[in-house]
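The numbering used here puts the first residue of the sequence shown at 1254, with every later residue one more than the last. For every residue, glycine included, the Cβ atom is placed at its ideal position computed from N, Cα and C.
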Amino acid sequence: MIIATAGHVDHGKTTLVRTLTGVDTDRLPEEKKRGLTIDLGFAYQEIEAGCVLGFVDVPGHERFVKNMLAGVATIDFALLVVAADDGVMPQTEEHLAILSLLGIARGAVAVTKIDRVEPERVAEVLEEVELLLTDTPLAGSPLFPVSGEVGTGMGSLQDHLQAEARSHAARAVEGHFRLSVDRAFTVPGAGLIVTGAVFSGQVTVGDHLILAAQSSEQPIEARVRGLRALDREAEFGQAGQRCAINIAGADVHQSAVSRGDWLLAPAIHAPVRKFDARVRVLDTEARPLAHWTPVHLHLAAADLTGRIAVLGERRIPSGEDALAQLVLDEPVGALFGDRFILRDQSAQRTIAGGVVIDPFPPHRGRARPDRLTMLRAMEADSPAEALAAMTAAPNNGVNLKQFV
């Protein structure tokens, strides 16, 4: 089970993970020097044979929200961290909004630093957090008053996380392999290693894959030389795991790889510059999201710029959703069902989120009534239901490529 921390800067996320796992996830020299998490950190804890807790420790500073977004794209469980002395702060609210837009409904809250305040203050913050969670997917999540420094309450939190991991159902591994790259580095004697979260499918040593790199207009062929799944040597990795994959190929070099790239099966390599989606605007936005607004798109670990074309209406009011098309400045690897986050043009504020419906929209008539009817048909809960609804809708045929 993959768990991501979330919460405001200096609320004790890294200390919490270190106390739970014994691993200091701050790995960069600058992080050590400043005492501030800047990039993603990772830790693993095997609780029994075949059952591993994987932690993604995310930065809490507002300047590093894009790094946080790269870490929470495909997690199983959110651990929201709120310091008892500060209480709910701006990044507490923004991180919770991001988790909600991504549809993350399993989680818990750790109210930290309880050794620094009086019991009355702890009770106030617990009540504040319960109110904050109301009307979010994490409403009703258990709250744990803890101190990562002295260990108070950590046993109860640890027991809860382990129980959640034991009851966690593994994700289905059907479909083509697809890994979102968030790190790349070289190891002497081994070569290039790329790490990331597996969105779908399964990979084994010897597989031939495509590295869809933002630095290259052409896909790069890569062969899997070795891999680690959840920080263990493995013969295969699968959906729901974090994997580190040793890849080789004539054009495979570290300089060609960056965060936001995809390592995937050749059959699903189909980068696009636009896709249709359902977009929901946060209810905290002061103004509606207008047609053709410039935005930053965060999908998996990628961060791209583009514009939103609102379909049908000319704007999406705060707290509401609508069909829209994202028109991007660069290609992105997007497939049906992928969730994404939209931030404003300056990348200072999270404004909306959504779900990809059609990554291969027609070149014309994106807002015609029959096209909107087709998009609503495609929103069905399963591919079988979507195909049935699409064939029943008035249209010019169904592109079966969407069901690969």
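Which residues share a DSSP beta bridge with residue i?
i     : result
V1608 : R1531, R1592
G1559 : V1548, L1581
Q1491 : Q1455
Q1298 : L1306
S1400 : In the DSSP output, where bridge partners are listed per residue, S1400 has none listed.
F1438 : I1446
T1365 : A1336
E1486 : R1481
L1576 : R1531
L1289 : BP columns for L1289 are empty, so no partner.
A1633 : BP columns for A1633 are empty, so no partner.
L1516 : L1432, L1464
Q1331 : The sequence given here has Ala at residue 1331, not Gln. Its beta-bridge partners are A1257, G1360.
Considering only C-alpha positions, which residue in the set the options is nearest to residue i?
i     : options                    : result
I1498 : E1417, T1457, A1466        : T1457
R1568 : A1503, A1416, V1532, H1314 : V1532
E1383 : L1628, P1398, R1369        : P1398
R1540 : S1409, P1547, G1572        : G1572
V1658 : G1454, P1343, P1524        : This structure does not reach residue 1658, given that the chain is present from 1254 up to 1657, and the question cannot be answered.
L1322 : C1304, A1336, L1354        : L1354
V1451 : V1362, M1643, G1324        : G1324
F1489 : P1441, V1426, A1422, G1513 : V1426
V1262 : E1283, G1313, I1256        : G1313
Beta-carbon within less than 6 Å of residue i's beta-carbon, same chain only, minus the 5 sequence neighbours each way: which residues are those?
i     : result
A1600 : H1549
V1270 : T1278, A1296, F1308, D1310
S1663 : Any answer about residue 1663 is impossible in this case: the structure gives the chain only from 1254 up to 1657.
A1358 : P1390
Q1298 : T1274, L1306
S1400 : I1367, D1368
D1536 : S1571, G1572
S1468 : A1509
T1448 : R1436, A1497
By the three-class DSSP mapping on this structure, what secondary structure does residue i have?
i     : result
H1264 : coil
G1324 : helix
V1477 : strand
F1613 : coil
R1568 : strand
A1425 : coil
G1408 : helix
T1644 : helix
S1433 : strand
T1603 : strand
T1258 : strand
H1461 : strand
L1542 : strand
R1526 : strand
I1500 : strand
S1394 : coil
R1280 : coil
T1387 : coil
S1353 : helix
H1506 : coil
CB-CB under 8 Å to residue i, same chain, minus the five flanking residues each way: which ones, in chain order?
i     : result
G1459 : R1476, V1477
A1630 : A1639, A1642, M1643, A1645, A1646
L1349 : A1259, L1333, L1385, L1386, T1389, L1391
V1403 : D1368
A1418 : M1254, I1300, C1304, V1305, L1306
A1501 : G1444, L1445, A1475, R1476, R1478
A1682 : Given that the chain is displayed from residue 1254 to residue 1657, the structure contains no residue 1682 and the question cannot be resolved.
R1287 : none
For residue i, does the count of other Cβ atoms within 10 angstroms reach 16, so buried, or fall short, so exposed?
i     : result
H1264 : buried
S1508 : exposed
L1410 : buried
P1614 : buried
G1356 : exposed
T1272 : buried
L1281 : exposed
Among residues of its own chain, excluding the 5 on either side of residue i, which ones have a beta-carbon nearer than 7 Å to its beta-carbon?
i     : result
D1279 : T1267, K1285, T1290, G1294
H1544 : A1562, V1563, R1567, R1568
S1481 : The sequence as given places Arg at residue 1481; Ser does not occur at that position. Taken in chain order, the residues that qualify are A1487, C1496, A1497.
F1317 : I1291
E1632 : R1531, I1610
G1559 : V1548, L1550, L1579, V1580, L1581, D1582
V1370 : A1337, D1338
T1345 : G1260, H1261, V1335
Between residue i and the ligand FMN, is there a pair consisting of the residue's CB and a ligand heavy atom that are separated by less than 8 Å?
i     : result
P1282 : In the structure shown, the ligand FMN is absent, as is every other ligand, since no ligand is present at all.
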